[in-house]
Amino acid sequence: MSKQTNILEDLQIKRLIAKGEPIAKSDGDGLTFTLSKAGTATWVLRYRMGGGRRRELTLGNYPDVSLATARKLALKHRAAIDSGGDPAADKKTAKARSVAAWTITELADDFEDKVLKAPLADGTIYYRKWDLNNVLRPKLGSMLVRDVQAADVVHMIEASGRSWTVSKRILTTATQLFDHAAGKRMIDANPCTGIKLKALKGPRPPVKKRVMLTEGELRILLSDVDNTVGRENGLALRILLATCVRSVELAKARWENVDFEHNTWLVPDINVKTRSGFLVPITPTVRQWFECLRAIAGDSEWVLPARTTLRRKKHGDTHVGGTTLWASIDRAFTRGGLDIRRFTPHDTRSTAKGHMMNMKIPKEITELALNHKLKGMEAIYDVREEIPERRQALEQWAAFIVACTKGPEVNAEQSA
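With the first letter of the sequence shown counted as 1, position 222 gets the number 464 in my numbering; the numbers rise by one all the way through.
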């Protein structure tokens, strides 16, 4: 190493920073002031071990680490180097040991920062964070990641007292969290491996069967729907039924994605559960309902703008909440205003599917109407973005919905 030291001055350093050009300026004996393209000023100690390749040790950023402090640090590390030490290697080892000693809370923070973001769906991010904040951090947060055993995960799930479905989600979140730890080489094996929810909670409860509303039920629901749930909600329900989209996809729809010239509505990737956007045909009947919502929306960019002052004050010009439509329908049931079977948002899709099948619409077209992907050879060779058969099927289904708005002409028990 060169023994010439204390070459730089504070005023000189400030001028270099003001100039803003990337530079590496020596203070002597390996201590170097560097300025990056981005304007970050850093102290680096450069040295060689036994005549080998040059190594670097970052001492800190200027002005947090002053010139005088940088010289003191460099002097200390030079003494260690002369004694055979390698401060850069020691720093890496200390950092690795520090990461290996992370707690579950620290791991969860890193998992949120690195993993829980787009392109993951908003709902996925929300529930992963819910599991972390309400179960994993409270139950395991203070434990070292390397100390967690399968028995700890089992106890956490059982002590949470959640339903079978939520427990399964918590186990999935925990599995992904420890996969993250394994990816960082903090652990060699995931402690969630081999845990079976059936052993903890018993067999999975039967999955609730989807409801297909009969023609009679649709006539009762739609005949006075605007008075039952409000004009905007009534239009939204008709569009939801007719287009077969998911309720959150309609709630987050923007007018910029509704093309009246080509009669299409683009549902972008960010609004879709699978993060794969799609194009929805707007048939003549559905277009009328969209145009009614356009008049109601006024200057808002959203097809269904927020309605409450509190939501607008908090978020500005934003869309309705994802449960707004279903809350209004639930209130109608509670008031006794709907004398039909209770149904969920997803049941609009099973209702559409069932009635289109009854209309003798081919199964593959009903699948496309629900925005499901084609399978097998069809998926490979049919790459049309606009599929006329799908548009025709959706208009036939929309016409059926219009007929149902005219009131009960068949027995409520009768299926279409």
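For glycine and all other residues, C-beta sits at the position ideal for the given N, C-alpha and C.
**Q.** Per DSSP, cross-strand counterpart(s) of phenylalanine 502
**A.** Translated into the one-based positions of the sequence shown, residue 502 becomes position 260. The partner list for phenylalanine 502 (beta bridge, DSSP) is empty, contrary to what the question assumes.
Q) Would you call the CB atoms of leucine 301 and leucine 315 closer than 8 Å? A) The sequence position of residue 301 within the sequence shown is 59, counting from 1. The sequence position of residue 315 within the sequence shown is 73, counting from 1. Their beta carbons are under 8 Å apart, which means leucine 301 touches leucine 315 by this criterion.
Q.
For aspartate 252 and aspartate 352, what's the separation of their Cα atoms in angstroms?
A. As a first step, residue 252 must be located in the sequence shown, where it is residue number 10. As a first step, residue 352 must be located in the sequence shown, where it is residue number 110. Each residue's alpha carbon lies about 38 Å from the other.
Q: Could you give the DSSP three-state label for glutamate 263: helix, strand or coil?
A: The count along the sequence shown starts at 1 and reaches residue 263 at position 21. Glutamate 263 carries a coil assignment under DSSP once its states are collapsed to helix, strand and coil.
Q.
Can you look up tryptophan 285 in the DSSP assignment and give me helix, strand or coil?
A. As a position in the sequence shown, residue 285 is number 43, starting the count at 1. Looking at tryptophan 285 - three-state DSSP - the assignment turns out to be strand.
Q) Smallest Cα separation from aspartate 581: which of Asp328, Glu459, Ser402, Ile399? A) Mapped onto the sequence shown, residue 581 falls at position 339. Comparing Cα positions, the closest option is Glu459.
Q. Whose C-alpha, out of Gly281, Ile481, Phe420, Val377, is nearest the C-alpha of alanine 392?
A. By 1-based counting over the sequence shown, the position of residue 392 is 150. Of the listed residues, the one whose Cα sits closest to alanine 392 is Phe420.
Q. If we ignore side chains and look at the alpha-carbon of each, how far apart do alanine 641 and proline 445 end up?
A. In the sequence shown, the residue the question calls residue 641 occupies position 399. In the sequence shown, the residue the question calls residue 445 occupies position 203. Going from the Cα of alanine 641 to the Cα of proline 445 covers about 43 Å.
Q) Run through DSSP, which three-state label would glutamate 298 get? A) In the sequence shown, the residue the question calls residue 298 occupies position 56. Glutamate 298: strand per DSSP, three-state reduction.
Q: Please name the residue, chosen from Arg388, Leu349, Val490, Leu413, that lies closest to valine 395 on a Cα-to-Cα basis.
A: For the purposes of this step, residue 395 is taken as residue 153 along the sequence shown, with counting starting at 1. Residue Leu413 is the option with its Cα nearest to valine 395.
Q: Could you name the residues of the same chain whose beta carbon sits closer than 7 Å to that of glycine 519, not counting the 5 residues immediately before and after it, in chain order?
A: On the sequence shown, residue 519 is found 277 positions in, with the first residue counted as 1. Counting only Cβ-Cβ distances below 7 Å, and skipping sequence neighbours, we find Leu508, Val509, Pro510, Asp511.
Q. Going along the chain, which unbroken runs of the alpha helix (DSSP H) with 4 or more residues stay wholly within the region 404–453?
A. You should have 406–425, 439–443.
Q.
Quick check: the Cα distance between aspartate 389 and asparagine 375, rounded to an integer number of angstroms?
A. In the sequence shown, residue 389 corresponds to position 147, counting from 1. In the sequence shown, residue 375 corresponds to position 133, counting from 1. Near 20 Å, if we compare the C-alpha coordinates of asparagine 375 and aspartate 389.
**Q.** Rounded straight-line distance, which links the Cα of histidine 561 to that of glutamate 474
**A.** For the purposes of this step, residue 474 is identified with residue 232 of the sequence shown, where counting begins at 1. For the purposes of this step, residue 561 is identified with residue 319 of the sequence shown, where counting begins at 1. So the two alpha carbons sit approximately 13 Å from each other.
**Q.** Nearest-angstrom beta carbon gap, proline 329 and alanine 322 [assumed within contact, 8 Å]
**A.** Counting from 1 along the sequence shown, the entry for residue 322 is found at position 80. Counting from 1 along the sequence shown, the entry for residue 329 is found at position 87. Their Cβ separation, rounded to whole angstroms, is 6 Å, which keeps alanine 322 and proline 329 in contact under 8 Å.
Q. Do the region 301–310 and the region 282–293 make contact, defined as three or more Cβ pairs closer than 8 Å?
A. Contact holds between the region 301–310 and the region 282–293, because three or more Cβ pairs, one in each stretch, are under 8 Å apart.
Q) Hey, how far is the Cα of lysine 647 from the Cα of tryptophan 544? A) Indexing the sequence shown from 1 puts residue 647 at position 405. Indexing the sequence shown from 1 puts residue 544 at position 302. Note that residue 647 is threonine in the sequence shown here, rather than lysine. Roughly 26 Å between the two C-alpha positions.
(Q) Considering only their Cβ atoms, is the gap separating leucine 483 from alanine 594 smaller than 8 Å? (A) For the purposes of this step, residue 594 is identified with residue 352 of the sequence shown, where counting begins at 1. For the purposes of this step, residue 483 is identified with residue 241 of the sequence shown, where counting begins at 1. Against a cut-off of 8 Å, the Cβ pair of leucine 483 and alanine 594 comes out as a contact.
**Q.** Segment limits, beta strand (DSSP E) that includes threonine 551
**A.** Mapped onto the sequence shown, residue 551 falls at position 309. That residue, threonine 551, is in no beta strand (DSSP E); its alpha helix (DSSP H) goes 551–557.
Q: Have a look at Met385, Glu354, Ala360 and flag the residue whose alpha-carbon is nearest the alpha-carbon of arginine 370.
A: What you label residue 370 is simply residue 128 of the sequence shown in a count that begins at 1. Among Met385, Glu354, Ala360, the Cα nearest to that of arginine 370 belongs to Glu354.
Q: May I have the straight-line CA-CA distance separating glutamate 400 from aspartate 373, to the nearest angstrom?
A: Residue numbering aside, residue 400 sits at position 158 when the sequence shown is read from its first letter. Residue numbering aside, residue 373 sits at position 131 when the sequence shown is read from its first letter. One C-alpha to the other measures close to 14 Å.
Q.
Could you pull the DSSP bridge partners for phenylalanine 275 from this structure?
A. Here residue 275 refers to the residue found at position 33 when the sequence shown is read from its first residue. Looking at the DSSP assignment, phenylalanine 275 forms a beta bridge with Lys267, Trp285.
**Q.** Residues near methionine 664 in its chain [Cβ-Cβ closer than 6 Å; skip 5 each side]
**A.** For the chain, the structure presents residues 243 to 658; residue 664 sits outside this window and is missing.
Q) Is the Cβ-Cβ distance between alanine 478 and leucine 382 less than 8 Å? A) In the sequence shown, counting from the first residue as 1, residue 478 sits at position 236. In the sequence shown, counting from the first residue as 1, residue 382 sits at position 140. Contact flag unset, no.
Q.
Just to confirm the assignment, what range does the beta strand (DSSP E) spanning leucine 521 have?
A. The residue labelled residue 521 in the question sits at position 279 within the sequence shown. Element bounds for leucine 521: 520–523.
Q) In its own chain, which residues sit with a C-beta less than 7 Å from the C-beta of isoleucine 607, not counting the 5 before and 5 after it? A) Here residue 607 refers to the residue found at position 365 when the sequence shown is read from its first residue. Here the set comprises Glu631, Arg632, Ala635.
Q) Using the rule of at least 16 other Cβ atoms within 10 Å of the residue's Cβ for burial, across every protein chain shown, is alanine 423 buried or exposed? A) Your numbering for residue 423 matches position 181 in the sequence shown. Alanine 423 comes out buried.
Q.
So, at 7 Å on beta carbons, what are the nonlocal neighbours of glycine 649 in its own chain, with the 5 sequence-adjacent residues on each side left out?
A. As a position in the sequence shown, residue 649 is number 407, starting the count at 1. Cβ neighbours of glycine 649 beyond the five flanking positions: Arg461, Ser465.
Q) So what does DSSP say about isoleucine 622, is it helix, strand or coil? A) Residue numbering aside, residue 622 sits at position 380 when the sequence shown is read from its first letter. Annotation note: pLDDT 41 at isoleucine 622 (below 50); position unreliable, no value reported.
Q.
Please return the same chain residues whose Cβ sits closer than 6 Å to the Cβ of alanine 548, not counting the five positions on each side in sequence.
A. Numbered from its first residue, the sequence shown carries residue 548 at position 306. Excluding positions up to five away in sequence, the list reads Arg554, Thr560, Val562.
Q: Compute the Euclidean distance between the alpha carbons of arginine 257 and glutamine 246, then round it to the nearest angstrom.
A: On the sequence shown, residue 257 is found 15 positions in, with the first residue counted as 1. On the sequence shown, residue 246 is found 4 positions in, with the first residue counted as 1. Rounded to whole angstroms, arginine 257 to glutamine 246 spans 22 Å at the Cα level.
Q) How would you label serine 278, buried or exposed, when you count the other beta carbons within 10 angstroms and need 16 or more for buried? A) Position 36 of the sequence shown, counted from the first residue, corresponds to residue 278. By the 10 Å Cβ count, serine 278 comes out exposed.
Q: On the DSSP bridge assignment, give the partners of arginine 290 in chain order.
A: Translated into the one-based positions of the sequence shown, residue 290 becomes position 48. Note: arginine 290 sits in a beta bridge opposite Arg296.
(Q) Quick check: asparagine 469 and valine 490, are their CB atoms within less than 8 Å of each other? (A) Walking along the sequence shown from the start, residue 469 turns up at place 227. Walking along the sequence shown from the start, residue 490 turns up at place 248. It is not a contact, given that the beta carbons lie outside the stated cut-off.
Q. Does DSSP put proline 659 in a helix, in a strand, or in coil?
A. The structure shown does not extend to residue 659, since the chain spans only 243 to 658, so no value can be given for it.
Q. Nearest-angstrom Cα distance between isoleucine 346 and alanine 645?
A. Against the sequence shown, residue 346 aligns to sequence position 104. Against the sequence shown, residue 645 aligns to sequence position 403. The alpha-carbon atoms of isoleucine 346 and alanine 645 are separated by roughly 58 Å.
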